[in-house]
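Some notes on the structure that comes next.
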Amino acid sequence: MFEQLNPLARSTAWLEIFILMFVAFLIGYLFARWYYKKKLEEASQYSYNATADRQINTANTANKVENYDTDIITPGNIKAIKTRERSGAAVVNRAAPLEKPELDFSVIGQADIADKDDLKKISGVGPFIEEKLNSIGIYTYEQISKFRKEDIENVTALIEFFPGRIERDNWKGQAEALHKNA
476 MFEQLNPLAR STAWLEIFIL MFVAFLIGYL FARWYYKKKL EEASQYSYNA
526 TADRQINTAN TANKVENYDT DIITPGNIKA IKTRERSGAA VVNRAAPLEK
576 PELDFSVIGQ ADIADKDDLK KISGVGPFIE EKLNSIGIYT YEQISKFRKE
626 DIENVTALIE FFPGRIERDN WKGQAEALHK NA
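The numbering used here applies: residue 476 is where the sequence shown begins, and numbers increase by one.
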């Protein structure tokens with residue numbers, strides 16, 4: 476039987492090519508079907524999760540809205556700020572500027588640029604913050620180590636820095652250690 480199949484004969488070559496092409500088609504078709512079926516399952520799972528998330532968010536939002544105090548929403552609690560005159564000219568900000576707090580140097584001590592320590596050794600103090608501290612009269616580790624809570628609040632306001640950063644980074648403790656080692 477196989478002796479009759481001559482691969483060099485034209486009729487046999489066409490048959491072999493057709494069979495090989497058909498097998499390649501079947502492999503491609505089955506692989507694509509499996510691949511897209513898996514993709515569809517993943518998409519439906521994602522869609523299910525998204526639907527569940529939307530339902531949870533809707534329930535949470537409804538719960539939050541019910542808990543709001545109605546006094547906040549009543550008319551008269553919101554005051555408008557005048558931004559333009561009748562002529563259309565912009566209103567100049569007439570609000571009094573906030574007074575900057577003063578540091579109590581009798582507690583933290585006086586220092587000048589001659590006594591200056593390298594404040595950048597304190598974690599959280601970079602060149603910019605060191606410059607700001609120097610501009611308000613803080614030059615040494617000893618001064619920072621003597622900070623009280625009020626002093627920390629005043630320094631935060633004076634250098635216009637992140638509130639709570641001085642306490643979080645423990646500038647006072649670091650300054651005490653650096654002052655002892657100096």
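Backbone N, C-alpha and C define an ideal beta-carbon position, used for all residues, glycine too.
Remember, predicted model here, so these are calculated numbers, not experimental data.
Best match in GLN585, TYR510, GLU516 for proximity to ASN609 [C-alpha to C-alpha]
Counted from its first residue, the sequence shown places residue 609 at position 134. The shortest Cα separation from ASN609 among GLN585, TYR510, GLU516 belongs to GLN585.
Coarse secondary structure for GLU577, derived from DSSP in three states
Position 102 of the sequence shown, counting from 1, holds the residue named residue 577. In the structure shown, GLU577 sits in coil (DSSP, three-state: anything other than H, G, I, E or B).
Nearest-angstrom Cβ-Cβ length linking TYR614 and ALA657, presumed shorter than 8 Å:
Taking the first residue of the sequence shown as 1, we reach residue 614 at position 139. Taking the first residue of the sequence shown as 1, we reach residue 657 at position 182. Actually they are not in contact, since the Cβ atoms of TYR614 and ALA657 sit about 13 Å apart, beyond 8 Å.
Just confirm the distance between the C-beta atoms of ILE597 and TRP646, as a whole number of angstroms; I'd bet it's less than 8 Å.
Taking the sequence shown and counting its residues from 1, the one referred to as residue 597 is at position 122. Taking the sequence shown and counting its residues from 1, the one referred to as residue 646 is at position 171. 5 Å between Cβ atoms; contact.
Taking all protein chains shown into account, decide if LEU594 is buried (16 or more other Cβ within 10 angstroms of its Cβ) or exposed.
Within the sequence shown, the letter at position 119 stands for residue 594. Buried, by the Cβ-count rule.
Are the beta-carbon atoms belonging to ILE611 and PHE636 less than 8 Å from one another?
Here residue 611 corresponds to residue number 136 of the sequence shown, with the count starting at 1. Here residue 636 corresponds to residue number 161 of the sequence shown, with the count starting at 1. With respect to the 8 Å criterion, ILE611 and PHE636 are not classified as neighbours on the basis of their beta carbons.
Rounding to the nearest angstrom, what Cα-Cα distance links GLU560 and GLU574 in this structure?
By one-based count along the sequence shown, residue 560 stands at place 85. By one-based count along the sequence shown, residue 574 stands at place 99. Cα to Cα, GLU560 sits roughly 28 Å from GLU574.
For ARG623, which of helix, strand or coil comes out of DSSP?
Within the sequence shown, residue 623 is the residue found at index 148, counting from 1. Look at ARG623 here: in three-state DSSP terms it is coil, with no helix or strand label.
I'd like the list of long-range same chain contacts for ARG623, defined as Cβ closer than 7 Å, with 5 residues on each side in sequence excluded.
Here residue 623 corresponds to residue number 148 of the sequence shown, with the count starting at 1. So the qualifying residues of the chain are VAL582.
Closest Cα partner of PRO638 within the set ASP587, GLY599, SER620
Locating residue 638 in the sequence shown gives position 163, counting from the first residue. Each of ASP587, GLY599, SER620 was checked against the Cα of PRO638, and the nearest Cα belongs to GLY599.
Since THR631 and ILE641 are thought to touch, with beta carbons under 8 Å apart, how far apart are those beta carbons, to the nearest angstrom?
Position 156 of the sequence shown, counted from the start, is the residue given in the question as residue 631. Position 166 of the sequence shown, counted from the start, is the residue given in the question as residue 641. Indeed, because the Cβ distance is near 6 Å, the residues count as touching under 8 Å.
For PRO602, I'd like the list of residues in its chain whose CB is within less than 7 Å of its CB, leaving aside the five on either flank, ordered along the chain.
On the sequence shown, residue 602 is found 127 positions in, with the first residue counted as 1. Within the same chain, PRO602 has close Cβ partners LYS595.
Pick out whichever of HIS654, ILE556, ALA518, LYS512 has its Cα sitting closest to the Cα of LYS591.
On the sequence shown, position 116 is the one that residue 591 refers to. Minimum Cα distance to LYS591 is reached at HIS654.
Once the 5 residues before and after ASP587 are set aside, which same chain residues still bring their CB inside 8 Å of it?
For this step, residue 587 is matched to residue 112 along the sequence shown. Taken in chain order, the residues that qualify are TYR614.
Write down every uninterrupted run of the alpha helix (DSSP H) in the segment 576–651 whose length is 4 residues or greater and which is fully enclosed by it, in chain order.
580–583, 602–610, 616–620, 624–634, 640–643
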